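Visitor:
In our numbering, the protein residues as written are 358 to 645.
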């Protein structure tokens, strides 16, 4: 059997939002180090953090201050740190950060480093919300990453970020491109989305015959106080069953080993990919 031991870190904010973004970044990176070491000691092979893991979720505001939170990928300080740790611990690392690709051009990004520390590439969040409390288009340019799948030392993985999860097309594209496990780092508060948190991703895992690892931050973040980030990070299998789940509050490293052979078993059983009819789906991509 082909196994993969996954680690997911959910964490509350560790610094005042009155500080400059660089100081918050350093505090959050430092706060993750003990849990990264704990993951390494437990033999975790693939580790993922939450959406823009080393900053607050600043999108309830429209404040240019937070543009300074963006850094280059993979040349920036966060990626350089995590790249070294990936090589040290022989651990694949998925690192969601705020990225600047050029002057004034910003993306919500996840960088992927292989177990030898090599940079495999990145995914840019595709779907960007712009509704009350989630003014993300002020900060992020919509990505067009062509659904990359990263062939890591331990298996083929894809990334979908937060709001993306409401759009089934991306899950399918990543699965068709070969993803066995798809990671969804998020920043989600209680309210309408909490019911969907344990509905959409298990359904997408079952529809696409893959594992999905969902990560959410915890706690409240001042001065915005838009609600409580409810954690509840989890790993769901290709049958749509949640195999492991973190608490709804408090910093936590969730560790769980999955059986990748289940991907082939489930896909052979259901044959959704054989029976799909892309020739009949033009309405999905006709632009309206």
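Note that beta-carbon positions come from the ideal geometry of N, C-alpha and C, so glycine has one too. If you're wondering where the values come from, they're calculated on a predicted model, not measured in any experiment.
Exposed or buried, which one is residue 457 when buried takes at least 16 other CB atoms within 10 Å?
Guide: It is buried - the Cβ of residue 457 has at least 16 other Cβ atoms within 10 Å.
Visitor: Start and end of the beta strand (DSSP E) containing residue 383?
Guide: Run containing residue 383: none in the beta strand (DSSP E); it sits in the alpha helix (DSSP H), 378–398.
Visitor: CA-CA distance, residue 423 and residue 576?
Guide: So the two alpha carbons sit approximately 20 Å from each other.
Visitor: State the Cα-Cα distance for the pair residue 358 and residue 618, rounded to the nearest angstrom.
Guide: In a straight line, the C-alpha of residue 358 is about 6 Å away from that of residue 618.
Visitor: So what's residue 546 in DSSP terms, helix, strand or just coil?
Guide: Correct three-state label for residue 546: strand.
Visitor: Determine the extent of the beta strand (DSSP E) in which residue 405 is found, giving its start and end residues.
Guide: Residue 405 -> beta strand (DSSP E) spans 403–405.
Visitor: If residue 545 and residue 573 are in contact, beta carbons under 8 Å, what's the gap, nearest whole angstrom?
Guide: About 5 Å separates the two Cβ atoms, so the contact holds.
Visitor: Could you tell me which of 385, 448, 480, 469 sits nearest to residue 463, measuring between CA atoms?
Guide: For residue 463, the nearest C-alpha among the options comes from 480.
Visitor: Which complete alpha helix (DSSP H) runs does the stretch 492–549 hold, if anything under 4 residues is left out?
Guide: Runs of the alpha helix (DSSP H) inside the stretch 492–549: 525–533.
Visitor: Looking at the structure shown, is residue 415 part of a helix, part of a strand, or coil, going by DSSP?
Guide: Residue 415 falls in the coil class under three-state DSSP.
Visitor: Taking DSSP as the reference, what is the three-state secondary structure of residue 616?
Guide: Three-state result, residue 616: strand.
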